[in-house]
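Asks: Below are the structure tokens for one structure; questions will follow.
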Amino acid sequence: MSATSGVGRRSVLAGALAAGAVAGTVAAVRNGASPTTPAPATQGFHGVHQAGIVTPKRRCSAFVAFDVMAADRSGLLDLFGTLTDRLRFLVTGGVPDPLGISAPPSDSGVLGPTVPGGTLTALLGAGASLFDDRFGLASAKPLRLSTMTAFPDDDLDPTQCGGDLLLQLEADDTDVLANALRDVARHTRGAMQVRWRIDGFASPPRPVGTPRNLMGFRDGTANPDVTDSRLMDQLLWVGAGQGEPAWATGGSYLAVRLIRMLVEFWDRVSLTEQERMFGRQKDSGAPLDGRTETDVPNFAADPTGDVIPMDAHIRLANPRTAPTADQRLLRRGFNYDRGTDANGNLDMGLVFCAFQQDLERQFVTVQRRLAGEPLVDYIRPFGGGYFFVLPGVRDTNDRYGSGLLP
Amino acid sequence: MEQGSRGRYRAGVAVVATAVALAGLAAWELSGGAQGSASAGAANSAPADYPTLPHTAVQISPSACGAGWTRPTAGLQVFDVTDTGVSPTDVDLLEPATGAVVAEVEGLAPNRSRPMLVRLAPGAYAFRCLQQDVDAVTGPTVAVKGPKGPGTSSESGTGTPAVVPVTQQDLIPATVAYQHWVAGQLPSLVGDVTALETAVSSGDLAGARQRWLTAHLDYERLGAAYGAFGDVDEEINGPRQDSTGFHALEYGLWHGASASSLAPVAAKLRSDVQGLQTSWATVQLDPLVLGVRAHEIVENAIEFELSGRTDYGSDSNLQTVQANLDGTAEVLALVRPLLTSRVDLPSIDAAMAAARSELTTLDGAPPASLSQLQRERLNAVFGNLVEQLAPVAAVLDVRRTT
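Each protein sequence line maps, in turn, to chains H and D.
Counted from 1, the first sequence has number 66 at position 5 by my numbering; the numbering is strictly sequential.
Counted from 1, the second sequence has number 425 at position 151 by my numbering; the numbering is strictly sequential.
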């Protein structure tokens, strides 16, 4: 921990002590927040938008960033075709094609002789680097796609950042992910190579409500309602009139942030301090001025942060004001847990994922506002990147990027 | 010579293996087998695998080869082949006009059924039953027509690739040529190892390091992947903890060992390669090794060289890989006539060229020194190369046809 981050922690402690007297006395103010509506049923491979954005999270996920090795535009075209074919098959399921004596089996067999349909959700995104001079795509770059740069509290490892492509795979069982990755890698070895990878998992509700992150807090409570298509058009989807290239319609932007949580340190922090850093109660997930998870915090009624500190995470992230309404984004992160470090501490944390219409207006603006928040002492963002989520593959005649590479 | 620690098992080819299989079969029957007696006549029971596909029960025996295939249909389907004969049988589904095989089941046990998955394009097909110790019998030719009516033809045009099997006879010329090629390489190996030994014993360690590289690349060019040369390969080129061979010398030469401590290691290496040369003259290579070698040399190079695992100080992994590619190219050149109609040779040639070009670009840099992007490119070209080479071993598998 640096000296400055230590200061941040002290200031939270002081705030927590001051706030103790009023805790529990503030009437919860609320309100017409719509209860979390059940998300739409899982979609198949085809659609206007890709699955894996507004579809329910599955239990396991793999985020794999690739660099394209194909030498030219036609190689990239082949790659998009191969990715479409393989992921369509893996999502839809079926009997892997027999190759007779001409080659080894076409399928690993990990999922049995018939690949079960509907067990995989796949999403493909493109990083800004794909639109450099290699494939002649510079003029087709989505308007708001950029390379992720470090925020003040980041500690980025360049080898775990960026990538020409990002594959987000989800399944309810890890063997489905393992099979999908093997299949995709096998068919694309010469055309793309893994740049970085992280696997995540979605926790179940504990005991109810929004699942918790590995700090023990509910994560994603304030997400916009994905069944409100008008709202999604305002916050999530790229569409006409936004200055984007026509091919990008139906796409979205994804910010992935690999955030290690220093859970040992966190577990040595008092409950009050933890709650004041987030601005929520750990047990119920209610904002500190509320009673239930879905209560909307009333920051206006607490202008000096006596109940919810001014630098609490939820207050900085979503001030709940009219001017910040269009900065809301769809968080769809997964927890991760992958071994230990040299100190013997657990390497676990969050694969933070936020979908949105405009990276600068939404994620970047929110993230800038979070700079220096007390929570930064307990987390270490080390990787990730920005990706443009390609429009959906419409039907069996369509493929990824058909508008980008006709 | 052993065929390698990664053995390939061909019950229908090796007489010894057949004997073992029969003995095993007797014990298998006594224990009730895997399926139990209830499903012994498995052709009539509901298919457990591929429940959504059309199934056809077919008899496999010298007297009724292919019996039961009465309703031919194109597309993806399963033949539940049952050995109704008295001994293990290899089963092919082939195009009689060309002898090209679209599906096979090997070592089908008597009174047992196994699924044979195939996608049939319209055409003429027949079953071939190769019962142990009995001449091959080809069943009646069956005409498969395309689906009728509009909108049903999207997948009927392409079937499982049909490949003419390669027999032991087909592979013998190339095997003999490979044996001669290796024999022709051995004198320079022995000469270069002798020069290495001389340098070590005379205390010229700088010269020894140079000669080590020359001699080691001589050896790597032979393509001694996965124990191709048997136990002597372990002695010559095994990991350093064996304290013999090239890698023990390498570690010593690049870690300040004294000439006197290395002299016995160099002498043993020289004696081992001489022994290899002597024994090679009487070796009878199994024809099976050629196809295996064609992809295993590069598999071996990826596992042990591109990983940096066998670098004991010389930083020569990529030069080793170059030598391995030379060895692979030699094998491919010898089997090329067998491959032209069986695999996608242009893609293999392109992948080989890309691998060579990448090595040229990297100019012998140690793998650990490569940037992330350089490493990705290296992995891409070699990953693609082994994918392209994998069908070579599949189609060059030794098969019985008569």
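Ideal placement from N, C-alpha and C gives every residue a C-beta, glycine not left out.
Computed from a predicted structure; not experimentally measured.
Going by Cα to Cα distance, which pick from H:Asp387, H:Val412 and H:Leu391 is closest to H:Arg399?
Replies: Per the Cα distances, H:Val412.
Asks: Determine whether the Cβ of D:Thr676 lies closer than 9 Å to any Cβ atom of chain H.
Replies: Taking Cβ atoms only, chain H never reaches closer than 9 Å to D:Thr676, which makes this a no.
Asks: Taking the alpha-carbon positions, what's the D:Leu536 to D:Val464 distance?
Replies: The straight-line gap from Cα to Cα measures roughly 18 Å.
Asks: Just to confirm the assignment, what range does the beta strand (DSSP E) spanning H:Arg441 have?
Replies: Start and end: Ile440 to Val450.
Asks: Quick one, which residues of the segment 120–147 of chain H are near chain D if we go by CB-CB under 8 Å, in chain order?
Replies: Going along the segment 120–147 of chain H in chain order, one finds Asp128 and Met130 with a Cβ nearer than 8 Å to chain D.
Asks: Taking its Cβ as the centre, do 16 or more other Cβ atoms sit within 10 Å of H:Asp344, making it buried, or is it exposed?
Replies: Label assigned to H:Asp344: exposed.
Asks: Going by DSSP in three states, H:Tyr461 sits in which element: helix, strand or coil?
Replies: In this structure, H:Tyr461 counts as coil in the three-state DSSP scheme.
Asks: Quick check on H:Arg256 - is its C-beta less than 9 Å from some C-beta in chain D?
Replies: By this cut-off, H:Arg256 is an interface position.
Asks: So what does DSSP say about D:Leu670, is it helix, strand or coil?
Replies: Residue state, collapsed to three classes: coil.
Asks: Step through the CB atoms of chain D and report whether any lies within less than 9 Å of the CB of H:Ala252.
Replies: Taking Cβ atoms only, chain D reaches closer than 9 Å to H:Ala252, which makes this a yes.
Asks: Helix, strand or coil, according to DSSP, for H:Glu354 in the structure here?
Replies: DSSP places H:Glu354 in coil when its eight states are reduced to three.
Asks: Can you give the beta carbon distance from H:Phe360 to H:Arg376, rounded, assuming they're within the 8 Å contact cut?
Replies: Contact holds; Cβ gap of about 6 Å.
Asks: I'd like to know if H:Ile259 contacts chain D, where contact means its C-beta is closer than 9 Å to some C-beta of that chain.
Replies: Closer than 9 Å: no.
Asks: What is the rounded straight-line gap between the Cα of D:Gln593 and the Cα of H:Gln221?
Replies: One C-alpha to the other measures close to 30 Å.
Asks: Quick one: using the 10 Å Cβ neighbour count with 16 as the cut-off for buried, is H:Asn240 buried or exposed?
Replies: H:Asn240 is buried by the Cβ-count criterion.
Asks: Taking only runs that begin and end inside the segment 118–160 of chain H, name each unbroken beta strand (DSSP E) of 3 or more residues, in chain order.
Replies: List check, beta strand (DSSP E) in window: 121–129.
Asks: Mind reading off the beta-carbon distance from D:Val352 to D:Pro384? Whole number of angstroms is fine, and I expect it under 8 Å.
Replies: At roughly 21 Å, the Cβ-Cβ gap does not stay under 8 Å, so D:Val352 and D:Pro384 are not in contact.
Asks: Applying the criterion that 16 or more other CB atoms from any shown protein chain within 10 Å of the CB defines a buried residue, is D:His529 buried or exposed?
Replies: Flag for D:His529 reads exposed.
Asks: By the three-class DSSP mapping on this structure, what secondary structure does H:Arg455 have?
Replies: Here H:Arg455 sits in coil by DSSP.
Asks: Mind listing the chain D neighbours of H:Arg247? Cutoff is C-beta to C-beta under 8 Å, in chain order.
Replies: Under the 8 Å cutoff, chain D gives Glu661.
Asks: Below 9 Å on C-beta distance, what does H:Thr382 contact in chain D?
Replies: Chain D residues near H:Thr382: none, gap ~42 Å exceeds 9 Å.
Asks: Below 8 Å, is the gap between the Cβ of D:Ser476 and the nearest heavy atom of the ligand ZN?
Replies: Summarising the ligand content, the structure contains no ligands, and the ligand ZN is consequently not present.
Asks: Please specify which runs of the beta strand (DSSP E), each continuous and at least 3 residues long, are wholly inside the segment 271–349 of chain H, giving them in chain order.
Replies: Those beta strand (DSSP E) runs which fall completely within the segment 271–349 of chain H and span 3+ residues are 313–322.
Asks: Would you check if the distance between the CB atom of H:Ala112 and the CB atom of H:Val152 is smaller than 9 Å?
Replies: Against a cut-off of 9 Å, the Cβ pair of H:Val152 and H:Ala112 comes out as a contact.
Asks: On the three-state DSSP scale, how would you describe D:Asp589?
Replies: Three-state DSSP puts D:Asp589 in coil, outside helix and strand.
Asks: Are D:Leu608 and D:Ala448 close, meaning C-beta to C-beta below 9 Å?
Replies: Yes, they are a contact pair.
Asks: For H:Ile114, which of H:Tyr461, H:Arg460, H:Gly453 and H:Gly464 has the nearest alpha-carbon?
Replies: Comparing Cα-Cα distances from H:Ile114 to each of H:Tyr461, H:Arg460, H:Gly453 and H:Gly464, the minimum goes to H:Gly453.
Asks: Do the segment 570–579 of chain D and the segment 541–553 of chain D make contact, defined as three or more Cβ pairs closer than 8 Å?
Replies: With the cut-off at 8 Å, the segment 570–579 of chain D and the segment 541–553 of chain D do not touch.
Asks: Assign D:Ser462 to one of two classes, buried (16 or more other C-beta atoms within 10 Å of its C-beta) or exposed (fewer than that).
Replies: Its Cβ having fewer than 16 others within 10 Å, D:Ser462 is exposed.
Asks: Tell me whether the beta-carbon of H:Gly312 lies closer than 9 Å to the beta-carbon of H:Phe443.
Replies: No, the pair does not count as a contact, with Cβ atoms beyond the cut-off.
Asks: At a CB-CB cut-off below 8 Å, which residues of chain H make contact with D:Glu378?
Replies: Within chain H, the residues near D:Glu378 are Gly161 and Ile162.
Asks: Of the choices H:Arg318, H:Arg429, H:Asp438 and H:Arg341, whose alpha-carbon is the least far from that of H:Ala39?
Replies: Coverage of chain H is limited to positions 62 through 467, which leaves residue 39 of chain H absent and any answer about it impossible.
Asks: Just to confirm before moving on: does the CB-CB distance between H:Gln417 and H:Ala316 stay below 9 Å?
Replies: Going by C-beta atoms, H:Gln417 is nearer than 9 Å to H:Ala316.
Asks: Given this structure, state the Cα-to-Cα distance separating H:Thr143 from D:Pro325, to the nearest angstrom.
Replies: Those two C-alpha atoms are separated by around 28 Å.
Asks: Counting Cβ pairs closer than 8 Å, one from the segment 656–663 of chain D and one from the segment 259–276 of chain H, do we hit at least three?
Replies: Judged by Cβ distances under 8 Å, the segment 656–663 of chain D makes no contact with the segment 259–276 of chain H, as fewer than three pairs qualify.
Asks: Name the two residues that bound the continuous beta strand (DSSP E) containing D:Glu369.
Replies: That run of the beta strand (DSSP E) goes Thr363 to Glu369.
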